[in-house]
Structure formats: C-alpha cells, structure tokens
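Numbered according to this note's numbering, the sequence shown terminates at residue 318, and the numbering increases by one at each position without gaps. Note that CB positions come from ideal geometry on N, CA and C, so glycine has one too. It should be emphasised that the depicted structure is a prediction, and the values quoted were computed from it without experimental measurement.
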Amino acid sequence: MLPFNFFDSLPSYDTAEVFYVRIDPKISLSEELLRSLYYVLWFPGFFGFNWDALYDCLRDLAWVPCRKVALVHEALPNLPEEDLKIYLEVLRDSVLDWEEDQAHELEVFFRSADRYMVERILKVN
C-alpha cells in the first residue's frame with residue numbers, strides 16, 4: 194500500500210492552514226524538478242539539487258510555517274523512468290517518515306489515472 198493520495202479532482206485546502214504546493218506538470222528533467230521544488234518548497238540555500246538533498250529537506254521542513262504540506266502532482270513528471278523511480282521513492286520514504294513525527298505532515302497527491310504507473314514503478318503488489 195502506498196502512502197500517497199490519488200485524486201479525480203484537485204484537492205483544495207485553506208492555504209492559511211496548509212502549505213499547498215502544485216508541481217508543474219510540464220517538468221521533463223530531474224534538474225527542472227529539483228529546481229522547481231527548491232523554489233516552491235522554500236528550501237534553504239544549502240540545498241544540493243540532488244536526490245539525497247531532496248530527501249533531507251523533505252524530512253526537515255522547519256522553515257515551512259504550516260504543519261501540513263500538500264504536494265500535488267497534476268501529472269507525473271515526465272522524467273526518465275529511473276529518475277522517476279528515485280523521485281517516487283524519496284516521496285514515499287519522506288511521507289512514511291513524517292508519520293512518526295508530529296512536527297509536520299507531508300501529503301503527496303497524484304491523479305487517479307497515474308496510480309497504475311506509480312504502483313508499477315514502485316513495484317507495489
């Protein structure tokens with residue numbers, strides 16, 4: 194079972210209560226994705242623009258004023274499959290890690306139409 198949420202219509206939140214982040218559906222390079230995440234999630238200047246740095250920052254989020262962070266993908270990033278797999282693993286592990294911590298809550302959303310692809314890439318049975 195994946196710790197992600199799948200939607201048919203975009204989730205909506207009170208942005209005073211939830212740090213709502215929409216991932217650009219046109220992203221097609223891991224560098225673009227990491228750069229976009231740096232800006233939209235307000236990552237600190239020491240962000241290293243690599244997968245390990247992404248995991249580290251997603252597991253910190255001390256600079257985010259809201260407890261809940263919602264990361265919404267209107268489409269899967271059009272990355273090479275190996276990069277997409279790493280990205281999904283980082284998101285999965287980050288969400289699971291936050292379940293044991295009360296400082297923040299990370300929710301990750303994908304379209305229902307992308308569920309099969311996410312499950313296939315992460316080899317969920």
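Identity of the residues DSSP links to tyrosine 215 by a beta bridge: The identity of residue 215 in the sequence shown is arginine, whereas the question assumes tyrosine. Arginine 215 pairs with Val265.
For leucine 269 and serine 202, what's the separation of their Cα atoms in angstroms? Distance from the CA of leucine 269 to the CA of serine 202, rounded to the nearest whole angstrom, comes to 15 angstroms.
With leucine 299 as the anchor, note down where its beta strand (DSSP E) starts and where it stops. That run of the beta strand (DSSP E) goes 298-304.
At which residues does the beta strand (DSSP E) containing phenylalanine 324 begin and terminate? Shown here, the chain extends from 194 to 318; a query on residue 324 therefore has no answer.
With a threshold of 8 angstroms between beta-carbons, can isoleucine 220 be considered close to chain C, or not? The structure shown has no chain C; it contains just one protein chain.
Would you mind stating whether leucine 264 and phenylalanine 302 have Cβ atoms separated by less than 8 angstroms? Between leucine 264 and phenylalanine 302, the C-beta spacing is below 8 angstroms.
Leucine 281 and valine 311 closer than 8 angstroms at C-beta: The Cβ atoms of leucine 281 and valine 311 lie closer than 8 angstroms to each other.
Does the structure place the region 243-252 close enough to the region 226-234 that three or more beta carbon pairs sit under 8 angstroms? A contact exists between the region 226-234 and the region 243-252.
Please report the residue range of the beta strand (DSSP E) in which phenylalanine 200 lies. For phenylalanine 200, the uninterrupted beta strand (DSSP E) run begins and ends at 198-200, by DSSP.
Below 7 angstroms CB to CB, which residues in the same chain sit around cysteine 218 once its five sequence neighbours on both sides are set aside? The residue you asked about is not cysteine; residue 218 is proline in the sequence shown. Hits under 7 angstroms: Glu267, Ala268.
Please say whether glutamate 292 and asparagine 198 have beta carbons closer to each other than 8 angstroms? Not a contact, by the Cβ cut-off of 8 angstroms.
Is it right to say phenylalanine 212 is buried, meaning 16 or more other beta carbons lie within 10 angstroms of its own, or is it exposed? With 16 or more other Cβ atoms within 10 Å, it is buried.
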